[in-house]
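Numbering (our numbering), first residue to last: 583 to 796. Beta carbons are placed, not taken as given, at the ideal position from N, Cα and C, and that holds for glycine. What follows is one structure encoded as structure tokens, with my remarks underneath.
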Amino acid sequence: MNNDNFENRENEPDQSTQQWFNSIDPPVQLVAPVQEESSKSRFKLFIVVVVGLLVVSGIILAYVMLVIVKKTPEIAKCINNDYFKELTGQTTESRLSSGKNFYTETIAFSPETSDYLKDNQAEIDSIIVNVGKFYKKYSSNTKITVTITSSYMVGNSPDVSNSRIKKLKQDLIANGVSESAINTPDPKPFTPEDEEVAEEGPTLISVSSTAQCT
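Below, the structure is given as structure tokens:
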């Protein structure tokens, strides 16, 4: 009887030994859920990082494109035949250049003064007003330059010519033309080819586009 008890005890596993094995080699079912949860967390973190990088990259790219667009100068349009009627009230079949010969008017002054010729006052006022309206309407997207030129006979003083240029410039500015759009080259001397020529050269106002337009 005693022998049977001894054999049964001998066949029973030592509980302390089993506990030791469990401590160094725990059952798989105890660690698998923890590892699976850790993998899911890392995957979620990876997705968040990737999305964050894409968002930041998109913002940086948008900013760079905005800077490039702002730094790229917009090329204004040139004036052409379509503008001529509105500027002059007349139509033309000729192909007009947007350069210096697009539109030119002679402004008459009283001799030796910077006063407009009284007989032409109404016509001159109309020209100046029309140029001002034209500039204000189209200058935002069209390259418009207004040039004032005058000349004087060799041997005479250019003072009167300079005064006439100044007078015209002031009146154009008063009617809406930007000062930066007005070109005023120095008066040029001329030599008369015959005795019938006037001692004073003409004063001209012209509207054109510069080369920086399309």
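Write down every uninterrupted run of the alpha helix (DSSP H) in the stretch 693 to 749 whose length is 4 residues or greater and which is fully enclosed by it, in chain order.
Counting whole runs of 4 or more residues, the stretch 693 to 749 contains the alpha helix (DSSP H) stretches 703 to 720.
For the structure I just gave you, are there three or more beta carbon pairs, one from the stretch 757 to 770 and one from the stretch 633 to 641, closer than 8 Å?
Under the three-pair Cβ rule at 8 Å, the stretch 757 to 770 does not count as touching the stretch 633 to 641.
Can the beta-carbon of residue 791 be found closer than 8 Å to that of residue 661?
Numbered from its first residue, the sequence shown carries residue 791 at position 209. Numbered from its first residue, the sequence shown carries residue 661 at position 79. Result yes, Cβ atoms of residue 791 and residue 661 sit closer than 8 Å.
Give the secondary structure of residue 691 by DSSP, where H, G and I count as helix, E and B as strand, and everything else as coil.
Locating residue 691 in the sequence shown gives position 109, counting from the first residue. Strand, per DSSP.
Residue 670: which of 630, 640 and 711 sits nearest, CA to CA?
Counted from its first residue, the sequence shown places residue 670 at position 88. Residue 670 has its Cα closest to that of 711, out of 630, 640 and 711.
Compute the Euclidean distance between the alpha carbons of residue 755 and residue 721, then round it to the nearest angstrom.
Position 173 of the sequence shown holds residue 755. Position 139 of the sequence shown holds residue 721. Whole-angstrom Cα-Cα distance: 14 Å.
In the structure shown, what three-state DSSP assignment does residue 764 receive?
In the sequence shown, the residue the question calls residue 764 occupies position 182. In the three-state scheme derived from DSSP, where H, G and I count as helix and E and B as strand, residue 764 is classed as strand.
Contact defined as beta carbons within less than 8 Å: I believe residue 736 pairs with residue 773. What is the distance between those atoms, to the nearest angstrom?
Counted from its first residue, the sequence shown places residue 736 at position 154. Counted from its first residue, the sequence shown places residue 773 at position 191. Rounded to whole angstroms, the Cβ separation of residue 736 and residue 773 is 5 Å, and the two are in contact under 8 Å.
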